[in-house]
Amino acid sequence: MQSFKTLKDANARTPKFIFTPTWENYRDLWLRSTPENGATIAFFLLAALVILFCLLLFARYIPVRSSVVYAIVGLGFVGLLWAIPRLVDTAKFYD
């Protein structure tokens, strides 16, 4: 939410929860802050999510105990959540 605030609103002594986001702030967030290799990152993240969901859907048919498949998928989701900030430099979004 800080990305939509003006610099004065973001650095106010008391937090401002009601503010007027400007068109410039929206444009900065959505158009100028995308990484150069964003399409590649999005493709591989989407592919990983599809693989994890397919593992969940077909866990019954995989010749391994379902709890093992669920544990692997859970670790996969944790790994994705851990990897996203390393793939996309999120610190640039909030400068």
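In the working numbering, the protein residues as written are -19 to 75. Note that CB positions come from ideal geometry on N, CA and C, so glycine has one too. Because the structure is a prediction, the values reported are computed rather than measured.
{"Item": "Could I get the ranges of all uninterrupted alpha helix (DSSP H) runs contained in the stretch 25 to 67, with 4 residues as the minimum, in chain order?", "Value": "46 to 67"}
{"Item": "Does the beta-carbon distance from residue 53 to residue 32 come in below 9 Å?", "Value": "yes"}
{"Item": "Whose C-beta lies closer than 7 Å to the C-beta of residue 40 among residues of the same chain, with five residues either side of it excluded?", "Value": "46"}
{"Item": "Measuring straight from C-alpha to C-alpha, what distance separates residue 60 and residue 42?", "Value": "22 Å"}
{"Item": "Assuming contact is defined by CB atoms lying nearer than 9 Å, are residue 56 and residue 35 in contact in what I supplied?", "Value": "yes"}
{"Item": "Excluding the five sequence neighbours on either side, which residues of its own chain have a C-beta within less than 6 Å of the C-beta of residue 64, listed in chain order?", "Value": "none"}
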